[in-house]
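Counting with the working numbering, you get residues 3 to 443 for the letters of the sequence shown.
Note that beta-carbon positions come from the ideal geometry of N, C-alpha and C, so glycine has one too.
Everything on this sheet refers to the single structure shown next.
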Amino acid sequence: MSEQAPAGPVVLRDVRVFDGMDDRVRTGHVVTEGTKIKAVGDGEPPAAGGSGTVIDGRGMTLIPGLSDAHVHLILAGATQSELLLGGAGLGQLKGAAEARAMLLRGFTTVRDMAGDTGDLKRMIDAGALPGPRIYPSQAGLSQTAGHGDFGMVYDVPTALGGTATRAEQLGLMRVADGTAQVLAGVREQLRKGASQIKMMAGGGVASAYDHLDVLQYTAEELRAGVQAAADWGTYVAVHVYTGAGVRRAVEAGVRVIEHGQLAEEDDVRFMADHGVVLCLQPFAESDHHYPDPASAEKNRRVCAGVERVFGWALEHGVELAFGTDLMLDPAASARQSEMLTRTARLAGGPLAALRIATSGNAALFRRSGARDPYQIPTAADAAAFGDVPHLARLGVVAEGAWADLLLVDGDPTTDLGVLADPAANLKVIIKDGRVHKNTLP
């Protein structure tokens, strides 16, 4: 494996190109220059020149870098005891290690859905650390006794004069009650560089106090969060499993739902009618282990709803995004790749799943609008942005797009299972035009 910044262009010849959008796989070449894709063509490429790097793809499949729309870099990289007992820097260091591991699994862009990742993002963007592009939410917002309240039962809530919990001290969560605190909490995350906002609108599996059916945040509180985010040109995504929670959030203006595995068909149709994106994780019970029997039962119920909600979402045309939501078990983080391969069965086949994890997720990321750190939000906005060097398209293999590319030994458009073993089957990983892995002779 090599990690290097190429002095000149990178030429990938004799590759079968899946561009992230079309069903057709074309044979040809791709040329990168700097951080962008310079050319995508048929046949043999032009000469690379003395400063270029030529990679002979030998007929392997070239795809856009993968993305994961629901990660927790800090929470996935550390255990609960490490975060509770370690110093403040431990979570950041663990998160940096996890970021590198995700990149080497082929995930070149992620959306972090609760964690203080702003500084990690800046270090990666500057090239000082290896890792994916990060769309940070910063701290997730939770009501007292909500999914993000990890205080002890005997602690006085912050709204009643108590001190911040360990999760708040580490910037993982922000407990905020009432519209005034919600407004302040949202604005605090935006001040820290959040590209979107995460709020907890229903009960959770890992949280100790709330049942899955519990509704969290009043409609007024949700509307306050949505308005504060909209004032900055971005959106609120909510954690929620149940249909009642989905409907309250959507009626309050939320346009991105995380999870939703306990929704009914009418609720899924309601999402489709309102143009809501559903970031749906292909959970299996074995993905998370909960010593507490109550949490284990909640996990079983959520996992039981995965297949039916995927089916309804496809039937009613809900825009789907792929995410994993793995956390607090670093040894299980590599399941990220396996979870992607499961999506083929649930989302309509390997090609459909691959589109969701590339250009599909990129469309969700563009909803950050003016706060998108990497993409021009829409074609209509391109003129207003002009030629901005740090903005390009994500999730596609096309001229002018980010040079985030994976060379796969096998054809993931017909067998997504080849991505379950990235160490063996990802022969080349390029992000930002930089070769982070190349195991070819």
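Closest Cα partner of residue i within the set the options
i    : options                : result
L87  : P47, D21, T167, V42    : T167
S83  : I65, L224, L330        : L330
R193 : H213, G133, T146, D121 : D121
A80  : V56, K96, M154         : K96
V398 : L64, P48, V258         : L64
A425 : D411, T416, D417       : D411
P134 : L280, L418, W404, T415 : W404
S335 : D70, G419, R250        : D70
K40  : G10, R249, I136, A355  : G10
L316 : K300, A355, E299       : A355
A208 : P293, D16, I76, D434   : P293
V248 : G262, G235, L172       : G262
V17  : R257, L280, V32, D25   : V32
P414 : A221, V216, Y219, A346 : A346
L280 : V256, P295, D179       : V256
A231 : R373, L353, L408, L68  : R373
S361 : L348, S370, H392, L322 : L322
D268 : R436, W314, G227       : W314
A444 : I358, R225, V27        : Absent from the structure is residue 444, since the part of the chain shown begins at 3 and ends at 443.
L409 : V437, R368, D389       : V437
E46  : T37, M23, D58, G54     : D58
E260 : Q283, R28, P379, L131  : Q283
A364 : G67, G435, W234, L214  : G67
C305 : M341, V320, T37        : M341
T146 : L162, F109, V188, V27  : L162
F109 : E299, R303, G325       : G325
E190 : M202, A203, W234       : W234
Own chain, CB closer than 8 Å to residue i, minus 5 neighbours either side, in chain order
i    : result
E266 : G245
M175 : A116, A141, G142, L143, S144, G150, D151, F152, T167, A169
A99  : G79
L172 : I76, L85, A90, G93, D118
H392 : P375, Y376
N427 : V410, D411, G412, V420, L421
The beta strand (DSSP E) enclosing residue i, as first and last residue numbers
i    : result
Q263 : 258-264
P444 : With the chain covering only 3 through 443, there is no way to say anything about residue 444.
D58  : 55-58
V13  : 12-19
I199 : 199-202
L428 : 428-433
Beta bridge counterpart(s) of residue i as assigned by DSSP
i    : result
H31  : G43
T236 : Answer by DSSP bridge pairing: none, since T236 is not bridged.
I460 : Any question about residue 460 goes unanswered here, given that the chain covers just 3 to 443.
H241 : M202, E260
V279 : V258, E321
R436 : K433
K38  : E35, W404
D1   : This structure gives no information on residue 1, because the portion of the chain shown stretches from 3 to 443.
L217 : G204
Enclosing alpha helix (DSSP H) for residue i [first to last residue]
i    : result
M273 : 267-275
S144 : That residue, S144, is in no alpha helix (DSSP H); its beta strand (DSSP E) goes 142-144.
R189 : 180-193
V248 : 245-253
L86  : 82-87
G79  : 75-79
Own chain, CB closer than 7 Å to residue i, minus 5 neighbours either side, in chain order
i    : result
G206 : H149, D212, H241
R337 : D289, L328
S339 : R107, L421, A422, P424
R271 : H318
T160 : A166, V177
A400 : D21, I39, V42
R1   : With the chain covering 3 to 443 only, the question about residue 1 has no answer from this structure.
Other residues of its chain near residue i: CB distance less than 6 Å, five sequence neighbours each side excluded
i    : result
K200 : M115, A116, S139, G142, A239
V158 : G164
L442 : K429
G419 : T343
E35  : P11
Y73  : Checking the displayed sequence, the identity of residue 73 turns out to be Val instead of Tyr. Counting only Cβ-Cβ distances below 6 Å, and skipping sequence neighbours, we find V112, D114.
E223 : T181, V184
G187 : L143, R176, A178
R303 : none
D434 : T37
is_contact[residue i, chain C] using C-beta, thresh 7 Å
i    : result
Y292 : Of the protein chains in this structure there is only one, and it is not chain C.
List in chain order: all unbroken alpha helix (DSSP H) runs of 4+ residues lying wholly within the segment 316-366. 337-349, 352-357
Threshold first: 4 residues or longer. Then list the alpha helix (DSSP H) segments lying entirely within the segment 99-178, N to C. 120-127, 168-171
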